[in-house]
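A.B. asks:
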Amino acid sequence: MYRTHTCGELRLADAGKQVVLSGWVQRSRKFGKMTFMDLRDRYGLTQLVFSEEDNPQLNELAEKLGREFVVRVEGSVRERTSKNDQLPTGEIEIEVTTLEVLNAAKLPPFTIEDETDGGDDLRMKYRYLDLRRGPVQKNLIFRSKLATETRKYLADEGFIEVETPVLIKSTPEGARDFVVPSRMNPGQFYALPQSPQTFKQLLMVSGLDKYFQLVKCFRDEDLRADRQPEFTQIDCEMSFVTRDDVLATFEGLTKYLFKATLGVELPDFPIMQYDDAMRLYGSDKPDIRFGMTFVELNDVAKGKGFQVFDGAELIVGIKAEGQAGNFSNKDIKNLTEWIKRPQIGAKGLVYVKFEGDGNIKSSVGKFFTEDDLKGWGEKFEAKPGDMLLILSGETDKVRKQLNELRLEMGTRMGLRSKDRFEPLWVVDFPWLEWDEEMEHFHAMHHPFTSPSVDFIPKIMESDEFNILKSAKANAYDLVINGWEIGGGSIRIHDRKLQERCFELLGFTPEAAEAQFGFLMGAFEFGAPPHGGIAFGFDRLCSIMNHADSIRDYIAFPKNNSGRDVMLDAPAPIDEIQMKELAIAVTVEKE
RNA sequence: AGUGCUGUAGCACAAUGGUUGAGUGCACCCGACUGUCUCUCGGGAGGUUGCGGGUUCGAAUCCCGUCAGCACUGCCA
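Taking our numbering, the leading residue of the first sequence gets 30, the next gets one more, and so forth.
(1) With the cut-off set at 8 angstroms, would you say residue 422 and residue 294 are in Cβ contact?
(2) How is residue 336 classed by DSSP in three states: helix, strand or coil?
(3) Would residue 592 and residue 553 be called neighbours here (beta carbons separated by less than 8 angstroms)?
(4) Exposed or buried, residue 358, counting other C-beta atoms within 10 Å across all chains shown (16 or more means buried)?
(5) For residue 17, which of helix, strand or coil comes out of DSSP?
(6) So, is residue 547 buried or exposed, given that buried needs 16 or more other C-beta atoms within 10 angstroms?
(7) Please go through the same chain and pick out, in chain order, the residues whose beta-carbon is closer than 6 angstroms to the beta-carbon of residue 481, but skip the five residues on each side of it.
(8) Does DSSP classify residue 117 as helix, strand or coil?
(9) Between residue 607 and the rest of its own chain, which residues show a CB-CB distance below 8 angstroms, the 5 nearest in sequence each way excluded?
(10) Does the region 534–541 touch the region 309–328, meaning 3 or more C-beta pairs lie closer than 8 angstroms?
(11) Could you check whether residue 123 and residue 40 sit closer than 8 angstroms to each other, using their CB atoms as the reference points?
(12) What are the start and end residues of the beta strand (DSSP E) that includes residue 247?
(13) For residue 614, which of helix, strand or coil comes out of DSSP?
(14) My understanding is that residue 354 touches residue 406, with C-beta atoms under 8 angstroms, so please give their C-beta distance in whole angstroms.
(15) So what does DSSP say about residue 155, is it helix, strand or coil?
(16) Thinking just about the alpha-carbon of each residue, which of 211, 569, 401 is nearest to the one in residue 327?
(17) Return the chain-ordered ranges of every beta strand (DSSP E) run that is complete within the region 179–224 and spans a minimum of 3 residues.
(18) Who pairs with residue 65 in a beta bridge, going by DSSP?
(19) I'd like the span of the alpha helix (DSSP H) that includes residue 36, first residue to last.
(20) Pull up the distance between the alpha-carbon of residue 351 and that of residue 416, whole angstroms please.
(21) For the beta strand (DSSP E) holding residue 507, just list the boundary residues, first then last.
(22) Measure the alpha-carbon distance for residue 203 versus residue 114 and round it to whole angstroms.
(23) On a CA-only basis, which of 437, 228, 43, 439 is nearest residue 198? Give me that one, please.
(24) Count Cβ pairs between the region 567–579 and the region 266–277 that sit closer than 8 angstroms; are there 3 or more?
(25) Under DSSP, the alpha helix (DSSP H) around residue 438 begins and ends at which residues?
(26) At what residues does the beta strand (DSSP E) containing residue 453 begin and finish?
(27) Quick check on DSSP: helix, strand or coil for residue 525?
(28) Mind listing, in chain order, the continuous alpha helix (DSSP H) runs of no fewer than 4 residues lying wholly within the region 509–596?
(29) Hey, how far is the Cα of residue 462 from the Cα of residue 361?
(30) Provide the residue span of the alpha helix (DSSP H) that contains residue 329, from first to last.
(31) Of all the options 106, 57, 87, which has the alpha carbon lying nearest to the alpha carbon of residue 42?
(32) Determine, using beta-carbon pairs with one atom in the region 329–341 and one in the region 469–485, whether at least three such pairs fall under 8 angstroms.
(33) Closer than 7 angstroms by C-beta to residue 117: which residues in its own chain qualify, once you throw out the five before and the five after it? Chain order, please.
(34) Please return the same chain residues whose Cβ sits closer than 7 angstroms to the Cβ of residue 619, not counting the five positions on each side in sequence.
(35) Can you list, in chain order, the residues of its chain with a C-beta nearer than 7 angstroms to that of residue 44? Leave out the 5 residues immediately preceding and following it.
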């Protein structure tokens with residue numbers, strides 16, 4: 030027998046028991062004629078004691094054991110003479126009578142401790158050692174708990190989990206597909222799903238009514254701290270529902286998950302129009318933990334002879350409360366440099382300081398009178414001590430830039446508290462987006478998203494650009510603290526509307542039929558109205574725990590360039606394999 | 001594809017805007033210690049400064065290239 034107990038469970042009440050423990054040697058401390066050793070497993074640490082006087086051979090063997098040796102010990106539990114109140118098992122120790130080395134261990138490349146000395150890349154190369162560390166195990170345990178609670182809630186709500194295929198068909202729309210060659214069909218390829226979208230819609234046609242799946246999805250796009258090429262979604266679909274039915278169900282799920290795993294009671298989720306989110310926050314995923322909403326100045330700042338503003342499509346600013354005294358000219362200059370970096374790309378930054386003594390200072394003081402600037406202040410309800418930061422330019426760009434500035438100022442002013450979760454729904458996204466370069470529309474969400482009911486007749490009948498562009502999608506995103514956690518929509522379930530949608534997206538009827546004929550065909554056999562949502566599961570784990578990267582919640586993640594550094598994958602394959610698959614490599618590396 | 005930061009001992013980092021000896025901490029090895037638990041104390045070993053080239057009397061340091069890691073932009077329907 031390898032063990033009667035784990036390394037985390039023995040207490041003072043167990044004193045006197047004969048026990049068997051197995052685990053890894055965390056660290057040993059030689060102290061004169063005694064040796065203390067911490068034995069570790071997933072459940073905790075237990076101290077082992079060896080004494081040269083009681084058992085010289087055993088003590089000598091114990092002294093030889095290095096870090097991470099795997100051992101099995103027999104012995105008796107006894108009360109410690111000096112206790113350790115930092116440790117759950119700190120009141121007891123094991124007086125070892127038998128010590129068996131199950132496996133020796135080389136010295137690990139970094140210390141396997143909660144506060145490791147290893148850097149990220151080294152830890153990823155030896156991820157199996159990194160995963161021995163408490164904080165990393167804690168993350169995976171959290172993830173497991175979140176998955177269990179998700180299944181529990183959705184099962185109680187009557188959802189059934191259905192597995193959908195991983196080898197499917199490539200579609201050119203949207204993200205790049207990972208592709209798998211077919212040996213039995215030379216020259217042909219499967220694709221890995223970016224999401225089980227069409228399958229879950231077909232399950233609705235089948236009458237399964239409420240479907241969910243914790244499912245791996247794949248996208249062959251560049252990575253970020255919050256983006257991996259393979260990731261997990263809580264994928265759901267429901268029949269005979271309106272938007273508000275879906276929102277209610279998944280607001281319920283989100284609240285339940287926060288309560289069950291973190292003990293956090295979330296407030297009710299406000300619903301924000303996409304247009305308002307863009308106008309007030311410059312983002313479709315606003316961080317509403319703090320205000321500092323945008324105020325537009327076109328009506329009061331134009332026509333005064335300041336050419337930058339006069340030529341701008343939009344003049345818009347934020348108010349940094351009480352910051353007039355905190356930003357020197359040098360600070361403002363640095364902030365201006367920051368926002369002019371190519372990643373943000375603003376042309377310049379205008380400030381107005383309403384100083385505590387009533388003076389007004391501004392970078393555009395020579396173009397505007399004090400009354401002008403006071404007028405701006407009124408729009409912001411600025412008080413003495415406040416500072417305005419103003420950008421101008423093309424509407425879309427300037428909103429995006431000011432969004433970055435707002436978030437940066439929020440961070441600097443300590444307004445983005447990690448203790449608070451502020452969820453909201455963003456709704457009524459545009460249905461179509463005009464692509465200037467390609468000169469055609471593409472779906473903002475995806476081509477199966479239904480337009481809002483009011484727009485359906487117009488879309489079916491009109492080809493007028495402005496009507497099409499103004500159409501709203503019956504789509505919704507869940508945003509928490511400025512992170513997009515999930516998104517979904519009410520789907521199209523009518524063949525004619527779906528055909529019209531593909532037509533607007535530039536598909537020929539033949540191309541639409543070739544790619545999505547199976548779905549449109551299904552719609553003709555009694556498809557119910559339906560809609561759904563998908564949550565980014567990895568992302569949900571990381572935001573719930575304030576992690577910087579979703580990698581912390583993925584057992585074996587890929588690095589920045591999509592490589593698994595532990596496996597050293599991807600890698601070339603054998604000539605024989607290539608031949609069998611009827612494929613050839615034409616370029617080694619670009 | 002682009003921009004930025006980083007690369008020095010097993011690990012984390014230091015070394016003036018160029019020259020003398022590339023150091024510190026952790027880990028490791030040896031020794032001392034009967035109540036340690038971040039033990040303590042004494043001693044020791046450990047380096048192609050990512051790689052290639054250039055400038056110079058002299059390069060970890062400056063220049064060019066390259067590779068790798070990270071962050072961001074594009075991209076992610």
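Even for Gly, the Cβ is constructed at its ideal location relative to N, Cα and C.
C.D. replies: Reading from the atomic positions:
(1) no
(2) helix
(3) no
(4) exposed
(5) The structure shown does not extend to residue 17, since the chain is modelled only from 30 to 619, so the question has no answer here.
(6) exposed
(7) 501, 503
(8) coil
(9) 613, 614
(10) no
(11) no
(12) 239–247
(13) coil
(14) Between residue 406 and residue 354 the Cβ distance is about 16 angstroms, and since that is not below 8 angstroms, they are no contact.
(15) coil
(16) 401
(17) 208–210, 218–220
(18) 58, 78
(19) Note, residue 36: premise wrong, no alpha helix (DSSP H); not H, not E.
(20) 7 angstroms
(21) 504–509
(22) 56 angstroms
(23) 228
(24) no
(25) 424–441
(26) 452–456
(27) helix
(28) 524–533, 538–552, 566–573
(29) 36 angstroms
(30) 327–330
(31) 106
(32) no
(33) 37, 73
(34) With a pLDDT of only 42 at residue 619, under 50, the local geometry of the prediction cannot be trusted, and the value read off the model is given with reservation. No residues qualify anywhere along the chain.
(35) 106, 107, 108, 121
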